[in-house]
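Residue numbers (the numbering used here): -3 to 165.
Note that beta-carbon positions come from the ideal geometry of N, C-alpha and C, so glycine has one too.
In this text, all values refer to a predicted model and were calculated from it rather than measured experimentally.
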Amino acid sequence: NGQRLDAICCVAGGWAGGNAASSEFIKNADLMWKQSVWSSAISARIGSKFLNDGGLIQLTGAAAGLDGTPSMIGYGLAKAAVHQLCKSLANADAAGLPKGTTVLAILPITLDTPMNRKWMSKADFSTWTPLEFIAELLHKWTIEKNDRPASGSLLKLTTMNGQTNIQNY
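Encoded structure:
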């Protein structure tokens, strides 16, 4: 119908562990790639076709993807690829995106989700980033273009005692 989007928020992802010797290593690496990298690449493609000028594409990387992840290689590999995609899309014109598109990646440590609470029930939830914080942040970046970080920013979300801070990488 000709309508275009102001933002595309790619919050897809998952987690799987394993090192190179793990029997599930290749299966888990493939799963992580499909959940994080393909969903991010698809978001970029959708953005190239349907995003308004000055729109926002948000991808989900991970703080762990900034360093080596020997006990969860597939996860780290996929998240590092999302970070690279964000940097590659930073120049909207060169990347084939609408004029003035901002591309950002959030890099949480642990998100406060029901599934994480189920599998890590003894953890300190005060260090987990609430989904409400992320929803409000993405809404703000969608409607307040001047409050967005620079395109290509990798934004590490660190939560301590229920307070979330954003560090730009």
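Between the CA atoms of residue 78 and residue 9 - distance to the nearest angstrom | 11 Å
Chain-order list of residues whose beta-carbon lies under 6 Å from that of residue 93 (same chain, five-residue window excluded) = 43 and 44
Pull up the distance between the alpha-carbon of residue 137 and that of residue 103, whole angstroms please.
-> 16 Å
Of the residues 98, 157, 108 and 155, the one placed nearest residue 134, counting alpha carbons only | 98
Which stretch, first to last residue, makes up the beta strand (DSSP E) that contains residue 82?
-> It is not in any beta strand (DSSP E) - residue 82 instead sits in the alpha helix (DSSP H) that spans 69 to 84.
First and last residue of the uninterrupted beta strand (DSSP E) at residue 155 | 150 to 156
Who does residue 98 pair with in a DSSP beta bridge?
-> 52
So residue 160 is in the beta strand (DSSP E); what residue range does that whole segment cover?
-> 159 to 164
For residue 121, which of 101, 156 and 152 has the nearest alpha-carbon?
-> 156
Where the alpha helix (DSSP H) through residue 91 begins and ends = 88 to 91
Measure from the alpha carbon of residue 25 to the alpha carbon of each residue in 124, 12, 37 and 108, then state which is nearest.
-> 12
Can you name the residues that DSSP bridges to residue 108?
-> 126
Could you say if the region 51 to 61 and the region 103 to 115 meet the contact criterion of at least three C-beta pairs nearer than 8 Å?
-> yes
On the DSSP bridge assignment, give the partners of residue 119 in chain order.
-> None, per the DSSP bridge assignment.
From residue 64 to residue 154, what distance separates their C-alpha atoms?
-> 18 Å
For residue -2, which three-state DSSP category applies?
-> coil
CA-to-CA distance, residue 34 to residue 162, given in whole angstroms = 25 Å
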